[in-house]
Amino acid sequence: MNTEHTKPYTYDLMYDLYGIRFLGNGLVTEKDHSKWNARRKIFNPAFHRKQLIDFMGHFNTSSDKLVVKFKQDADTDKPVQLMDGLCRTTLDVIAKAGFGMKEELILEDSPFIDAVETSLKECSTNFKILSIGFVT
1 MNTEHTKPYT
11 YDLMYDLYGI
21 RFLGNGLVTE
31 KDHSKWNARR
41 KIFNPAFHRK
51 QLIDFMGHFN
61 TSSDKLVVKF
71 KQDADTDKPV
81 QLMDGLCRTT
91 LDVIAKAGFG
101 MKEELILEDS
111 PFIDAVETSL
121 KECSTNFKIL
131 SIGFVT
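Here the sequence shown is numbered in the UniProt record's numbering, starting from 1 and rising by one per residue.
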């Protein structure tokens, strides 16, 4: 079994956004296998079954808030924004479980949401530019 860490060319598209290194010097953007491997070993305990079970409270709380929000929207005949709600819930769980943030990303607008959206749009632009290069 080959355990060599390889990065597809698409990682180059996320490496630099807006002329600066995106996502810092972490697992997602590390191209050097030895550095990536050392960092991956550090992160392994965070994804141990016990750790994930400990995060279930975050998952459940955020999911419950989403259901309440959807119910409120539906009760007032406001259109339910399913994708937006699911994305906000995912960010809420990651922000709370991974970074200890206290914001309610499901219910309020936040600079964090705006920053993630802006970054993902730039990644999308880079992918589109690459795909056009392959089509021509």
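Note that CB positions come from ideal geometry on N, CA and C, so glycine has one too.
Check whether residue i and residue j have beta carbons under 8 Å apart
| i | j | result |
| --- | --- | --- |
| Leu91 | Lys65 | no |
| Arg39 | Leu52 | no |
| Phe47 | Ala97 | no |
Distance between residue j and residue i (C-alpha atoms, nearest Å)
| i | j | result |
| --- | --- | --- |
| Ser62 | Ser34 | 37 Å |
| Lys31 | Lys41 | 16 Å |
| Thr136 | Asn126 | Because Thr136 sits at a pLDDT of 47, beneath the cut-off of 50, its placement in the model cannot be relied upon, and the point is left open. |
| Asn2 | Asn44 | Because the pLDDT of Asn2 is 47, which lies under 50, any placement of that residue in the model is unreliable, and the question is left without a value. |
| His100 | Asp73 | The amino acid at residue 100 is misidentified as His; the sequence shows Gly. Those two C-alpha atoms are separated by around 28 Å. |
| Val68 | Glu103 | 17 Å |
| Thr76 | Cys123 | 36 Å |
| Lys81 | Lys71 | Sequence inspection shows Gln at residue 81; the Lys mentioned does not correspond to that position. So the alpha carbons of these two residues sit roughly 12 Å apart. |
| Lys128 | Lys121 | 10 Å |
| Thr118 | Leu105 | 16 Å |
Which listed residue (the options) has its alpha carbon closest to that of residue i
| i | options | result |
| --- | --- | --- |
| Val93 | Gly57, Arg49, Thr29, Met83 | Gly57 |
| Ala95 | Thr29, Ala38, Phe59 | Phe59 |
| Asp109 | Lys50, Asp84, Trp36, Asn37 | Asp84 |
Problem - Contact the segment 112-121 vs the segment 80-94: 3+ CB pairs below 8 Å - result: Touching, yes.
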